[in-house]
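If you want my numbering, it's the 1-based position in the sequence shown plus 130.
Here's the structure, in structure tokens; my notes come after.
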Amino acid sequence: MKKIKIQNQPFGPFPTMIIGADVQGKPNYVTVGACGVVSMKPVLYVSLKSTHYTTPGVRENGYFSVNIPPVSLVEQTDYCGIVSGKTVDKSGLFTPFYDELGKAPMIKECSMGFLCKVIQVIPLFDFEMFLGEIVAVYVNEDCVTDGKPDPLKLNPIIMMGASYYSLNEAIGNLFRTGGTLTNQSKTPD
Ligand SMILES: Cc1cc2nc3c(=O)[nH]c(=O)nc-3n(C[C@H](O)[C@H](O)[C@H](O)COP(=O)(O)O)c2cc1C
């Protein structure tokens, strides 16, 4: 297939997450695409623009939550990425709950949530990249299969370009499916 060279843009796809933090004593929520794993350690990163209302809340409390909204929350998810807590009170948009391990609101309406304790802050252009150790994970009972979070039941929102998408189906198994090319399967190093 002939390749077409296009703009140098981080097009995606990326999972869409909602970050929760207390700001001035109230929950605030911000939608992000810049969020994910950094290694095999239980650590997630999120990159937040320094001028966002949420950012000082994460810096000051030392905690943030990463929430996976299901596709049914696409409207609220997009809304959290359109309006700022500086001008609109987003605290009533979701039902917050807290874990005793740290002070960041998690979202009851989301399928799954990670509570993260900030362990490092990396300034990046006009953003701050927060690395957060995962200290608690909550998942909806009905999103679990055989004791593990089930991606199709979590029903996350994927973003790419100007649109949101849903997952379709499982197409293979990590560290196994490729084994058909080597005649062996492998567990992660
Ligand atoms: C789909 C989507 C993805 C976004 N990703 C990010 C991101 O990764 N990092 C970021 O700082 N802002 C991101 N934004 C922008 C913020 O969500 C937006 O500016 C928000 O209103 C900031 O809210 P706050 O001021 O209440 O913190 C994204 C917005 C949308 C709609």
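No residue lacks a Cβ here, since even glycine has one placed at the ideal position from N, Cα and C.
Nothing here was measured: the structure is a model prediction, and the numbers come from that model.
- Rounded to whole angstroms, the separation of the alpha carbons of Ser-169 and Leu-284 is 23 Å.
- Its chain contains Cys-165, Gly-166, Val-167, Val-168, Val-196, Phe-244, Cys-246, Leu-261, Gly-262 and Ile-264 as the residues whose beta carbon lies nearer than 8 Å to that of Leu-174, once the 5 sequence neighbours on both sides are disregarded; these appear in chain order.
- Close CB contacts of Ser-180 within its chain, under the 7 Å cut and outside five residues either way in sequence, are with Asp-256, Phe-257 and Glu-258 (chain order).
- Between Gly-155 and Lys-135, the alpha-carbon positions lie close to 48 Å from each other.
- Counting the other Cβ atoms within 10 Å of the Cβ of Gly-215 gives 16 or more, which makes it buried.
- The residue among Ile-149, Val-162, Tyr-228 and Lys-132 with its C-alpha nearest the C-alpha of Pro-143 is Val-162.
- Closer than 8 Å to some heavy atom of ligand 1: that does not describe the Cβ of Ile-198.
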